[in-house]
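A.B. asks: This is the structure I want to talk about, given as structure tokens.
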Ligand code: F6R
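Numbering (this note's numbering), first residue to last: -8 to 590.
Structure below.
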């Protein structure tokens, strides 16, 4: 989604803003721009396409003396990804510049009203109403805080806004509602950003404004006001990421770096979470669960459904949060809601989580980004400690989410007196990081399979039970980054229709990590093989498979509780190598954004 950076201080703004934007580029964007403010006035530079285009327009940023500025990477929602629609947007009077993350839902009515007053618009965006309104309000109140209060009372939707007023050339103003924003005091001035990587290495602590808060940043410090304009303070948190964690370093892609960091993320998450108590959730009394998340996080919930139903006999509801938020969810008063999210800012997940809270259910958040909206809205947290994830396709955060889910299974088992299960899960988790390392060491073998897969236009992924949850994730990875259409199917369901698509040479990836289901899944594989498919079988440990059935990728031995994660990890590596073989960019796949903060 869109990225926002702002700086006011003793140094030059342009180089700092461009460095911040490049740290946010991973989120996905299709145009970029910046506004600088100084004694000589306010000016903007914008460009369609990659950040390089904006850099070319700026020239040498060190020659620009201004020490105050705001900048933006835009992922188009309202209006095409053109220079005209790129942020910052300025007011008709040229006295206000604004960058925005989110959607102003009532922009049409506001635009019509402004046009009636004779104001001409220069873009198709929902954002442009904001600088015009601010300009009018500033003329009336002659005070930035009063102007922002008046305008935000009229805005509907989600926004994080950073604002420059020409009349206040050393200040940046910001306001947020339902969109992320962090502000911080660094050694050389004050910063704001929509996402933590932009702040890593620049300051040691950060503040997250609450819903509706307004912030004024000056070169020497910052002040916060609540939605009524009264001064407030908010707690400071340590900046969670170091500069190294958000740089690619020696790696050629973030996705490869992050895949290799996955075992460490799982080890850190498991160690920390097994020691954490969740007394407020009264896990012993929980009688059903509801998992919600989007994309890969939803797949973790699907895995959770199989695990909690199979091992604890607890009924589980799971659905993409985008569906859950709009349907009636019949849950008892003894249900526990579990929201899973890497970013903690996904709009659909937050909306579905709020819905569960309205039903009176306690909400547990499994979240990777400290300080994100979901961490604030959850009643209890199992934070994943995967570290900052910058590749658009999730890998290490997905793995850490699975680890957190297994910790929750162990804790629930313990609370319900199922000591043997709790012990089994803990034992499985203790060897998991090593088994993940061994899985990653299969890279040369996986590369050979990727070379074959790269020539395909579509592929099937098969599994049963928890392996079905794993292949859902494996197929998503392939689609996202290599642009090969891949469909995950329950192995027994294929023959009820989809098998008609199988033809000579169709690649079929089957995950077989569950000994009790191996024979059954193999029958499904035989059905497609006899119709010309080219199966690749991911098996764990000693599982025997006849060489005629297909090519075999042998994963390390692992408990059936954790083995599907090894399958998902191998499939993520397979997707990465397929993508690199095809020459597509795994870190920034087309049309995708890292964190989907709009509906
Ligand atoms: C897939 C992927 C997405 C996210 C989804 C939810 O590789 O990254 O499917 O899992 O957009 O994002 P979070 O976890 O931030 O809520």
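All residues carry an ideal CB built from backbone N, CA and C; glycine is no exception. Since the structure is predicted, the reported quantities are computational estimates derived from the model, not experimental observations.
(1) Counting pairs of beta carbons, one from the stretch 440 to 458 and one from the stretch 302 to 317, are three or more of them closer than 8 Å?
(2) What is the DSSP secondary structure of residue 493, counted as helix, strand or coil?
(3) Residue 150: buried (16+ other C-beta within 10 angstroms of its C-beta) or exposed?
(4) Tell me, which residues are paired with residue 154 by DSSP?
(5) Comparing the CB of residue 331 with every heavy atom of ligand 1, is any distance shorter than 8 Å?
(6) Taking 8 Å as the threshold, find out whether the stretch 356 to 371 comes into contact with the stretch 214 to 225 through three or more Cβ pairs.
(7) How many angstroms separate the CA atom of residue 572 from the CA atom of residue 441?
(8) Roughly how many whole angstroms lie between the Cα atoms of residue 117 and residue 337?
(9) Does the separation of the CB atoms of residue 554 and residue 505 fall below 9 Å?
(10) Output yes or no for whether 9 Å exceeds the beta carbon distance between residue 463 and residue 474.
(11) In this structure, does DSSP put residue 407 in helix, strand or coil?
(12) If I follow the unbroken beta strand (DSSP E) through residue 310, where does it start and stop?
(13) Below 9 Å between beta carbons: does that hold for residue 563 and residue 250?
(14) What is the rounded straight-line gap between the Cα of residue 47 and the Cα of residue 139?
(15) Is DSSP giving residue 278 helix, strand or coil here?
(16) Quick test of your reading: residue 3 and residue 79, contact by CB under 8 Å. State the CB separation rounded to the nearest angstrom.
(17) Report yes if the C-beta distance between residue 60 and residue 26 is below 9 Å; otherwise report no.
(18) Given that a residue counts as buried once 16 or more other Cβ atoms are within 10 Å of its Cβ, and exposed if not, what is residue 476?
(19) In this structure, does DSSP put residue 356 in helix, strand or coil?
(20) Within 8 Å, do at least three Cβ pairs link the stretch 572 to 584 to the stretch 381 to 389?
(21) Give the secondary structure of residue 302 by DSSP, where H, G and I count as helix, E and B as strand, and everything else as coil.
(22) Give me the Cα-Cα distance between residue 574 and residue 321, rounded to the nearest whole angstrom.
(23) If we count Cβ pairs, one from each stretch, closer than 8 Å, do we get three or more for the stretch 521 to 537 versus the stretch 496 to 505?
(24) Should residue 557 and residue 19 be called a contact, given that it needs their Cβ atoms to be closer than 9 Å?
(25) Buried or exposed, going by whether 16 or more other CB atoms sit within 10 Å of the CB of residue 226?
(26) Inspect the beta-carbon positions of residue 343 and residue 590 and report whether they are closer than 9 Å.
(27) Can you tell which of 330, 5 and 263 has its C-alpha closest to the C-alpha of residue 53?
(28) Cβ-heavy atom distance between residue 585 and ligand 1 below 8 Å?
(29) Closer than 8 Å to a non-hydrogen atom of ligand 1 - does that hold for the CB of residue 342?
(30) Below 8 Å, is the gap between the Cβ of residue 500 and the nearest heavy atom of ligand 3?
(31) Quick one: is the Cβ of residue 244 within less than 8 Å of any heavy atom of ligand 1?
(32) Taking just the CA atoms, how far does residue 395 sit from residue 246?
(33) With burial defined as no fewer than 16 other Cβ atoms inside 10 Å of the residue's Cβ, what is the status of residue 408: buried or exposed?
(34) Would you say the beta carbon of residue 334 comes nearer than 8 Å to a heavy atom of ligand 1?
(35) Using a threshold of 8 Å, is the CB atom of residue 201 nearer than that to any non-hydrogen atom of ligand 1?
(36) Using 10 angstroms around the beta-carbon of residue 539, count the other beta-carbons present and answer buried if the total reaches 16, otherwise exposed.
C.D. replies: With the given structure in hand:
(1) The stretch 440 to 458 is not in contact with the stretch 302 to 317.
(2) Looking at residue 493 - three-state DSSP - the assignment turns out to be coil, as it is neither helix nor strand.
(3) The C-beta of residue 150 has 16 or more other C-beta atoms within 10 Å across all chains shown, which makes the residue buried.
(4) Paired residue(s): 89 and 164.
(5) For residue 331, the shortest C-beta to heavy atom distance toward ligand 1 is below 8 Å.
(6) The count of Cβ pairs closer than 8 Å, one atom from the stretch 356 to 371 and one from the stretch 214 to 225, stays below three, leaving the stretches out of contact.
(7) Taking the straight line from one Cα to the other gives about 7 Å.
(8) Roughly 20 Å separates the two Cα atoms.
(9) Between residue 554 and residue 505, the C-beta spacing is below 9 Å.
(10) The answer is no: Cβ separation not under 9 Å.
(11) Correct three-state label for residue 407: coil.
(12) Start and end: 307 to 311.
(13) Against a cut-off of 9 Å, the Cβ pair of residue 250 and residue 563 comes out as a contact.
(14) One C-alpha to the other measures close to 33 Å.
(15) The answer is coil: DSSP assigns residue 278 none of H, G, I, E or B.
(16) The Cβ separation is near 18 Å, so there is no contact.
(17) Yes.
(18) With fewer than 16 other Cβ atoms within 10 Å, it is exposed.
(19) Per DSSP, reduced to three states, the secondary structure at residue 356 is strand.
(20) Yes, the stretch 381 to 389 touches the stretch 572 to 584.
(21) Helix, per DSSP.
(22) Using only the alpha carbons, I get a separation of about 47 Å.
(23) Counting Cβ pairs under 8 Å, three or more are found: they touch.
(24) At least 9 Å separates the beta-carbon of residue 557 from that of residue 19.
(25) Residue 226 comes out exposed.
(26) Against a cut-off of 9 Å, the Cβ pair of residue 590 and residue 343 comes out as no contact.
(27) Distances from the CA of residue 53 to each of 330, 5 and 263 were compared; the closest alpha carbon is that of 5.
(28) Yes, ligand 1 has a heavy atom inside 8 Å of this Cβ.
(29) No, ligand 1 has no heavy atom inside 8 Å of this Cβ.
(30) Of the ligands one can find in the structure shown, namely ligand 1, none is ligand 3.
(31) No, the Cβ of residue 244 stays beyond 8 Å of every heavy atom of ligand 1.
(32) For the pair residue 246 and residue 395, the Cα-to-Cα distance works out to about 21 Å.
(33) Exposed is the call here.
(34) Residue 334 Cβ: within cutoff of ligand 1.
(35) Answer for residue 201: no, Cβ out of range of ligand 1.
(36) Taking all protein chains shown into account, residue 539 has fewer than 16 neighbouring C-beta atoms within 10 Å of its C-beta and is therefore exposed.
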